[in-house]
Amino acid sequence: MMTTTLSPEQSSGVNEKLIQTASRRSLLKSLTEPLSLLGALVVLIVIFSILNPRFASLENLQNLLNQASLPLIIGIGATFVILIGSIDLSVEGVMAATGVTFVLMSANSRGGADLGIWAWLVPLALGVVLGLASGLLYTKARIPSFLVTLGMWFVGLGIATVLYGTDAYPELSNDALTVWAATITAGLPNVFWVALILMIIAALALRYTRFGRATLAIGNNEDIARSSGMPVTKHKIVIFIIAGALSGLAGILAVMQMGGTSNNIGDGYLFITIPAVVIGGTALSGGKGGMLRTLLGIMLLMVLKNGLILAGVSPNFEDMVSGAILVVAIIAVAWSQRGRLRIEK
Amino acid sequence: MNKSTTAAVPALRLTGISKTFGSVEALKNVSCEIAKGEVIGLIGENGAGKSTLLKILTGIYQPDQGTIEINGAKTKFRGPRDSVLAGIGVVHQEQSLFTNLTVAENISMNSATGRRFGTTFGIYRWGKLYKSAAETLEIIGSNLGPRTRVGDLSFVDRQMVEIARAIRVDTVKGASPIVILDEPTALLERGETEILEREIRKLKDLGSVIFVSHRLDEIMRNCDRILVMRNGELVADRPTSQVTEAELFKLMVGHESRATNHQRGKVNPDVVPVLEVNNLRRKGKYSDISFAAHAGRVTAIVGTSGSGREELSRAIFGAEKFDGGTIALNGKKVSGWRTPKAVRNGVAYVPAERKVEGMVGTFSAAENIVLTHPGSAAFGPIIMPWKRNQVARKWFAELDVRPNDIDQDLERFSGGNQQKVVMARWLNDPKLQLLVLDHPLRGLDPGAAETVNEHIKGACTNGAAVILLADTLEEALEMGDDIVVMRDGNITARFDVSVDDPSTLDLLERMV
Chain A
3 MMTTTLSPEQ
13 SSGVNEKLIQ
23 TASRRSLLKS
33 LTEPLSLLGA
43 LVVLIVIFSI
53 LNPRFASLEN
63 LQNLLNQASL
73 PLIIGIGATF
83 VILIGSIDLS
93 VEGVMAATGV
103 TFVLMSANSR
113 GGADLGIWAW
123 LVPLALGVVL
133 GLASGLLYTK
143 ARIPSFLVTL
153 GMWFVGLGIA
163 TVLYGTDAYP
173 ELSNDALTVW
183 AATITAGLPN
193 VFWVALILMI
203 IAALALRYTR
213 FGRATLAIGN
223 NEDIARSSGM
233 PVTKHKIVIF
243 IIAGALSGLA
253 GILAVMQMGG
263 TSNNIGDGYL
273 FITIPAVVIG
283 GTALSGGKGG
293 MLRTLLGIML
303 LMVLKNGLIL
313 AGVSPNFEDM
323 VSGAILVVAI
333 IAVAWSQRGR
343 LRIEK
Chain B
43 MNKSTTAAVP
53 ALRLTGISKT
63 FGSVEALKNV
73 SCEIAKGEVI
83 GLIGENGAGK
93 STLLKILTGI
103 YQPDQGTIEI
113 NGAKTKFRGP
123 RDSVLAGIGV
133 VHQEQSLFTN
143 LTVAENISMN
153 SATGRRFGTT
163 FGIYRWGKLY
173 KSAAETLEII
183 GSNLGPRTRV
193 GDLSFVDRQM
203 VEIARAIRVD
213 TVKGASPIVI
223 LDEPTALLER
233 GETEILEREI
243 RKLKDLGSVI
253 FVSHRLDEIM
263 RNCDRILVMR
273 NGELVADRPT
283 SQVTEAELFK
293 LMVGHESRAT
303 NHQRGKVNPD
313 VVPVLEVNNL
323 RRKGKYSDIS
333 FAAHAGRVTA
343 IVGTSGSGRE
353 ELSRAIFGAE
363 KFDGGTIALN
373 GKKVSGWRTP
383 KAVRNGVAYV
393 PAERKVEGMV
403 GTFSAAENIV
413 LTHPGSAAFG
423 PIIMPWKRNQ
433 VARKWFAELD
443 VRPNDIDQDL
453 ERFSGGNQQK
463 VVMARWLNDP
473 KLQLLVLDHP
483 LRGLDPGAAE
493 TVNEHIKGAC
503 TNGAAVILLA
513 DTLEEALEMG
523 DDIVVMRDGN
533 ITARFDVSVD
543 DPSTLDLLER
553 MV
């Protein structure tokens, strides 16, 4: 043990005060940022409820949560990936590949293998493999994650196309799976429960585990992380595996929701998730953000999408309107960070 | 010295360390010893091999030859982790903290030391983590809050966190820590340097210190013994009491310090000043700023970090806006003042954040030199590579840039040589009339600093006015013809150095 005792620094009171205000300011900021998102969410819900009373009906809200489930699951992976300063664009391809694998491994209209309740294992493994491939190419071949995962997107689509062959799209013939996906337990859709539990685990992992803290550290400064002896490369690969597995899970659940699959089962999920993560306030440069923010960001976008339809916006305009709103929302979130020199990464 | 260091086993012993990169011998047969409780000064020009030596000590490089002994036991560092476990902690020149995490996390983030302080099977126990961090901070006499986010701390406070992290190794091994301070004062303001120096004296009781700095006065003040490196060799190992600053300069650079006899002229009242600033203000930064900068003279602006002088200098270059008041160039008021316009009017700006704002690191040195003012290298909008190389070679010779390779990416040069290239970029403007320098000597070794200073004076002689934000008051007094003192956004005093001959104390009194 240390026995040296040193007289405490005759500290300058000014310094201490500065530190206190600084920490109070950051605490306040970390609380108010998600709070303002929550506020925006509440305001949107109120507006849409007034525009169309059906919006606030239990049925619609449950429907909304059901639709939000897959973006939430994908959003967990996307948040991890973006926190280390990378990006994963392969989501929709991985979903297509795992979706068709899942159908073919279950009882389906085309016959073939039926692994019963273990059918999910194969597509999930495929998700892991695709994530691992992205991670390895990204870290070992040093290709930007943007390009690697863009490629992996189409590799996934290619796998799906090959597996579909020339026949009609296969459908699940076991109704139990579709029924489970549509079941409401304790007021919430089953699939949403899955998303919520995963979200909570991820949030706790980010706050309370060495893995989570190392993710933030690597996102803040990779070189420092490396010279502190952290296994940076391994960590990044693991994160891509997690993202791949979660995309795979999303593919499986999408099939269960739809009762069948097609090549474009993942369409639109990337466009919701990545902006939602950013709107939540997770920085694309890495190191800053969290799961709660992603949760709020996704709910915000899903409410917007659902509300616009119920408010009577023609589906022809829906994409345009939500695109425009997305850009405005991102500007609103990023406005405070547009300083001249972003020294703090 | 009060400790019986001679008989004891040295905390660190290096024997015959050599390291070669390609054809370059970065280290040649370096041997030295460091005792427990000793503060060693390590000096040398950029490229003398200091960084290589430090990287070997921290396990980033492995030596080609030679041995490292810690407390008498031979050791091999296969990676940074081994070095941390052996008790070597580094306070980096460019700070190496995670700004998005708390003080406590940063202190325990070295994977070698984290385990025992608040993580069990990878799960954090924040209470314990904070408590152990507070204990470590107490040892170095700092009262920082372990929960504070590092990004919210001032520079000197961040350094305390680095020191705390560096000595954390001690509590793990029971061995005495060896703390390497790699140019810790390069970015500190005056008052902050004193805090750090007090810290160094405390570190002596805990273990040994290797203090790397370009400021010879600091080395003389803080170190028991001084090691001088030149061209990869250890050229001197002297007790501080047996050496002078002038001798150290000569050992490092290889020639005597050239006397800096700055010819100070009188201001000609009939000539319109190059720059006239009138009642310039920016809310929350500075207000009511009026001063003039004359051709052939250096106007040094001094003040602490909150004085508003950085913002003011950026406003003069058009890089930041101001709320009111006027800037006049050669008697003509400017409007719509933005950097492109400033550059067209012969205003130059050397920023303090060299790597971020001052250069394009992935361009070659030659490309950087002709980036703003291509001069004779351009034929209309077209840059002619052979002419560009001519221009670049001329500046390389003039400023003694090393290595003499104009095609190498600028980011691969050392800090001092990068700064020379940044200077050349602006000096290449034939119409240069106002040179705004924000900490031009930051992180430069004495040799490079001498060259840069000579060219600042050269620009003056050629008729340019210079605005200088110096690192130290001594530098401001040495270089400045006029001195403007700022405090909390206001000018508190003006001195004409040749008439008033102010002392550092005169300046300091009006700064704080």
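Chains A and B supply the protein sequences, listed in that same order.
Using this note's numbering, the letters of the first sequence correspond one by one to residues 3 to 347.
Using this note's numbering, the letters of the second sequence correspond one by one to residues 43 to 554.
All C-beta atoms in this analysis are idealised placements derived from N, C-alpha and C, irrespective of residue type, glycine included.
Item to check | Length-filtered (3 minimum) beta strand (DSSP E) runs lying within the stretch 360–401 of chain B | outcome: The stretch 360–401 of chain B contains these whole beta strand (DSSP E) runs: 366–371, 389–392.
Next on the checklist: Going by beta-carbon coordinates alone, are B/V251 and B/I82 separated by less than 8 Å?
Outcome noted: Mapped onto the second sequence, residue 251 of chain B falls at position 209. Mapped onto the second sequence, residue 82 of chain B falls at position 40. Cβ distance < 8 Å, so B/V251 and B/I82 count as in contact.
Next on the checklist: Let's test the definition: count the other Cβ atoms within 10 Å of the Cβ of B/P555 and tell me whether it reaches 16, buried, or not, exposed.
Outcome noted: Beyond the ends of chain B as shown, which are 43 and 554, falls residue 555 of chain B; an answer cannot be given.
Checklist entry - Quick one, which residues of the stretch 123–140 of chain B are near chain A if we go by CB-CB under 8 Å, in chain order? => result Residues of the stretch 123–140 of chain B that bring their beta carbon within less than 8 Å of a beta carbon in chain A comprise R123, V126, S138, L139, F140, in sequence order.
Checklist entry - Residues of chain E with a CB under 9 Å from the CB of B/E236: which are they? => result In the structure shown, chain E does not exist; the protein chains are A and B.
Next on the checklist: Taking the alpha-carbon of A/P348 as reference, which of A/I276, A/G309, A/S287 has the nearest alpha-carbon?
Outcome noted: Within the shown structure, residues of chain A are numbered from 3 to 347, placing residue 348 of chain A beyond reach of any answer.
Checklist entry - Nearest CA to the CA of B/N142: which residue from A/T284, A/I332, A/L303, A/L159? => result Within the second sequence, the letter at position 100 stands for residue 142 of chain B. Minimum Cα-Cα distance from B/N142 among the listed residues A/T284, A/I332, A/L303, A/L159 corresponds to A/T284.
Next on the checklist: Applying the 10 Å Cβ sphere with the 16-neighbour rule, what's the burial state of B/R356?
Outcome noted: Taking the second sequence and counting its residues from 1, one reaches residue 356 of chain B at position 314. Buried is the call here.
Checklist entry - Is any beta-carbon of chain A found at less than 8 Å from that of B/G531? => result If you number the second sequence from 1, residue 531 of chain B lands on position 489. Cβ-Cβ to chain A under 8 Å: no for B/G531.
Item to check | Interface partners of B/N142 on chain A, CB under 7 Å | outcome: For this step, residue 142 of chain B is matched to residue 100 along the second sequence. Per Cβ cutoff of 7 Å: L218, N222, G289, K290.
Checklist entry - Of all the options B/S93, B/G58, B/L519, which has the alpha carbon lying nearest to the alpha carbon of B/Q107? => result Along the second sequence, read from residue 1 onward, the residue named residue 107 of chain B stands at position 65. B/G58 is the residue among B/S93, B/G58, B/L519 whose C-alpha sits nearest the C-alpha of B/Q107.
Next on the checklist: Applying the 10 Å Cβ sphere with the 16-neighbour rule, what's the burial state of B/R243?
Outcome noted: Within the second sequence, numbered from 1, the residue matching residue 243 of chain B stands at position 201. So B/R243 counts as exposed.
Item to check | DSSP-derived helix/strand/coil call for A/I333 | outcome: In the first sequence, counting from the first residue as 1, residue 333 of chain A sits at position 331. Assignment of A/I333 by DSSP, reduced to helix, strand and coil, places it in the helix class.
Item to check | Nearest-angstrom beta carbon gap, B/Q460 and B/L452 [assumed within contact, 8 Å] | outcome: Within the second sequence, residue 452 of chain B is the residue found at index 410, counting from 1. Within the second sequence, residue 460 of chain B is the residue found at index 418, counting from 1. Correct: roughly 6 Å between the Cβ atoms.
Next on the checklist: Rounded to whole angstroms, what is the Cα-Cα separation between A/W122 and A/D269?
Outcome noted: As a working mapping, residue 122 of chain A is identified with position 120 in the first sequence. As a working mapping, residue 269 of chain A is identified with position 267 in the first sequence. Cα atoms of A/W122 and A/D269: separation of roughly 21 Å, rounded to the nearest angstrom.
Checklist entry - In chain order, what residues of the same chain have a beta carbon less than 8 Å from the beta carbon of A/T187, not counting five sequence neighbours either side? => result Taking the first residue of the first sequence as position 1, residue 187 of chain A is located at position 185. If the five residues before and after A/T187 are omitted, its C-beta is found closer than 8 Å to the C-beta atoms of W195, all from its own chain and listed in chain order.
Item to check | Three-state secondary structure (DSSP) of B/A407 | outcome: For the purposes of this step, residue 407 of chain B is identified with residue 365 of the second sequence, where counting begins at 1. When DSSP states are grouped into helix, strand and coil, B/A407 belongs to the helix group.
Item to check | Beta-ladder partner(s) of B/F253, from DSSP | outcome: Mapped onto the second sequence, residue 253 of chain B falls at position 211. Paired residues: B/G83, B/L223.
Item to check | For B/R243, the three-state DSSP class (helix, strand or coil) | outcome: For this step, residue 243 of chain B is matched to residue 201 along the second sequence. The DSSP-derived three-state label of B/R243 is helix.
Checklist entry - Quick one: what's got a C-beta closer than 6 Å to B/T537's C-beta in the same chain, skipping five residues either side? => result To locate residue 537 of chain B, count along the second sequence from 1; it is residue 495. Residue identity check: residue 537 of chain B is Phe in the sequence provided, not Thr. Closer than 6 Å at the Cβ level, and outside the excluded window around B/F537, lie I525, P544.
Checklist entry - Considering only residues of the stretch 69–151 of chain A, which uninterrupted alpha helix (DSSP H) runs meet the minimum length of 4 residues and lie entirely inside it, listed in chain order? => result Scanning the stretch 69–151 of chain A from its first residue to its last, the whole alpha helix (DSSP H) runs of 4-plus residues come out as 93–107, 123–141.
Next on the checklist: Residues of chain A with CB closer than 7 Å to the CB of B/E453, please, in chain order.
Outcome noted: Here residue 453 of chain B is taken as the residue at index 411 of the second sequence, counted from 1. Within chain A, no residue has its beta carbon less than 7 Å from that of B/E453; the closest one is some 14 Å off.
Item to check | For A/G262, the residue or residues it bridges with in DSSP | outcome: In the first sequence, counting from the first residue as 1, residue 262 of chain A sits at position 260. Beta-bridge pairing links A/G262 to A/E173.
Item to check | Per-residue DSSP class, three states only, for A/I241 | outcome: In the first sequence, the residue the question calls residue 241 of chain A occupies position 239. Annotated three-state conformation of A/I241 is helix, per DSSP.
Checklist entry - Going by beta carbon distance, what residues of the same chain come within less than 6 Å of A/L272, once the five residues before and after it are set aside? => result For the purposes of this step, residue 272 of chain A is taken as the residue at position 270 of the first sequence. For A/L272, where only same-chain residues beyond five positions count, the Cβ hits under 6 Å are V93, E94.
Checklist entry - Can you give the Cα-Cα distance for A/P125 and A/T151, rounded to whole angstroms? => result Start at 1 with the first residue of the first sequence, and residue 125 of chain A comes out as number 123. Start at 1 with the first residue of the first sequence, and residue 151 of chain A comes out as number 149. Each residue's Cα considered, the two are about 18 Å apart.
Item to check | Start-end ranges of the alpha helix (DSSP H) lying completely within the stretch 54–102 of chain B, minimum 4 residues | outcome: Fully enclosed alpha helix (DSSP H) runs of 4 or longer: 92–99.
Checklist entry - How big is the Cα-Cα spacing for B/I205 and B/V221? => result What you label residue 205 of chain B is simply residue 163 of the second sequence in a count that begins at 1. What you label residue 221 of chain B is simply residue 179 of the second sequence in a count that begins at 1. Each residue's Cα considered, the two are about 8 Å apart.
Checklist entry - Which residue spans inside the stretch 458–515 of chain B form an unbroken beta strand (DSSP E) run of at least 3? => result The stretch 458–515 of chain B contains, as complete beta strand (DSSP E) runs of 3+ residues, the segments 476–480, 507–511 (chain order).
Next on the checklist: Buried or exposed for B/L549, going by 16 or more other Cβ atoms inside 10 Å?
Outcome noted: By one-based count along the second sequence, residue 549 of chain B stands at place 507. Result: buried.
Item to check | Chain-ordered neighbours of B/E225 on chain A, where CB pairs are closer than 8 Å | outcome: Along the second sequence, one-based indexing puts residue 225 of chain B at 183. Neighbours of B/E225 on chain A: none; closest Cβ ~17 Å, over 8 Å.
Item to check | Distance between A/G79 and B/H134 (C-alpha atoms, nearest Å) | outcome: Numbered from 1 along the second sequence, position 92 holds the residue referred to as residue 134 of chain B. Numbered from 1 along the first sequence, position 77 holds the residue referred to as residue 79 of chain A. The alpha-carbon atoms of B/H134 and A/G79 are separated by roughly 34 Å.
Next on the checklist: Can you check whether the C-beta of A/G82 is within less than 8 Å of a C-beta belonging to chain B?
Outcome noted: The residue labelled residue 82 of chain A in the question sits at position 80 within the first sequence. Contrary to the premise, residue 82 of chain A reads as Phe rather than Gly in this sequence. No, A/F82 lies away from the interface with chain B (no Cβ there is under 8 Å from its Cβ).
Checklist entry - If we call anything under 8 Å between Cβ atoms a contact, is B/V463 one with B/N410? => result In the second sequence, residue 463 of chain B corresponds to position 421, counting from 1. In the second sequence, residue 410 of chain B corresponds to position 368, counting from 1. For B/V463 and B/N410, yes; Cβs fall inside 8 Å.
Item to check | Endpoints, alpha helix (DSSP H) assigned at B/F291 | outcome: Along the second sequence, read from residue 1 onward, the residue named residue 291 of chain B stands at position 249. For B/F291, the enclosing alpha helix (DSSP H) begins and ends at 287–295.
Item to check | Alpha-carbon spacing of A/I267 relative to A/V257, whole angstroms | outcome: For this step, residue 267 of chain A is matched to residue 265 along the first sequence. For this step, residue 257 of chain A is matched to residue 255 along the first sequence. Distance between the alpha carbons of A/I267 and A/V257 is about 8 Å.
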